[in-house]
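Asks:
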Amino acid sequence: MPEPRHDGDAALECPRCSTKAARIVARSPVPDVWTMHLCPVCFYSWRSTEPDYATKATALAPRFRIDPDRLEEGASVPGVPPLLGAG
Ligand SMILES: [Zn+2]
6 MPEPRHDGDA ALECPRCSTK AARIVARSPV PDVWTMHLCP VCFYSWRSTE PDYATKATAL
66 APRFRIDPDR LEEGASVPGV PPLLGAG
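Residues in the sequence shown are numbered from 6 upward in steps of one, following this note's numbering.
In structure tokens form, the structure reads like this:
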């Protein structure tokens with residue numbers, strides 16, 4: 006099986022936060038079947054073969070959109086407990 010090709014150069018618009026920082030992180034082993042994308046800002050990921058509502062900013066439901074300026078307000082789920090023996 007051939008190794009997937011990685012492409013760190015092409016910047017794409019993230020469907021969820023609309024930043025232009027998303028990258029292709031993997032390609033299908035069979036050439037030109039699908040590509041996998043990842044946004045390093047909000048960590049949304051999607052495959053090129055998914056429907057428009059998951060891959061296009063204009064088609065993603067507004068309730069699933071994220072304002073990148075408000076990411077710090079999000080809670081860590083699940084919360085990280087204190088280290089054993091700390092304190
Ligand atoms: Zn994003």
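We put the CB at the ideal spot given by N, CA and C, even for glycine.
Computed from a prediction, not measured in an experiment: that's the story for all the values here.
Give me the pocket residues for ligand 1, defined as CB within less than 5 Å of any heavy atom, sorted by chain position.
Replies: This criterion selects 19, 21, 22, 44, 46, 47, 49.
Asks: Between residue 26 and residue 82, what straight-line distance do the alpha-carbon atoms span, to the nearest angstrom?
Replies: Rounded to whole angstroms, residue 26 to residue 82 spans 24 Å at the Cα level.
Asks: Output the boundary residues of the beta strand (DSSP E) element that contains residue 27.
Replies: Here the beta strand (DSSP E) through residue 27 covers 27-32.
Asks: Candidates 80, 57, 58, 22: which alpha carbon is nearest residue 43's?
Replies: Answer by Cα proximity: 22.
Asks: Measuring CA to CA, which of 38, 60, 32, 35 is closest to residue 19?
Replies: That would be 60, whose Cα lies nearest to the Cα of residue 19.
Asks: Just curious, the alpha helix (DSSP H) that residue 60 is in, first and last residue?
Replies: From DSSP, the alpha helix (DSSP H) with residue 60 extends over 57-60.
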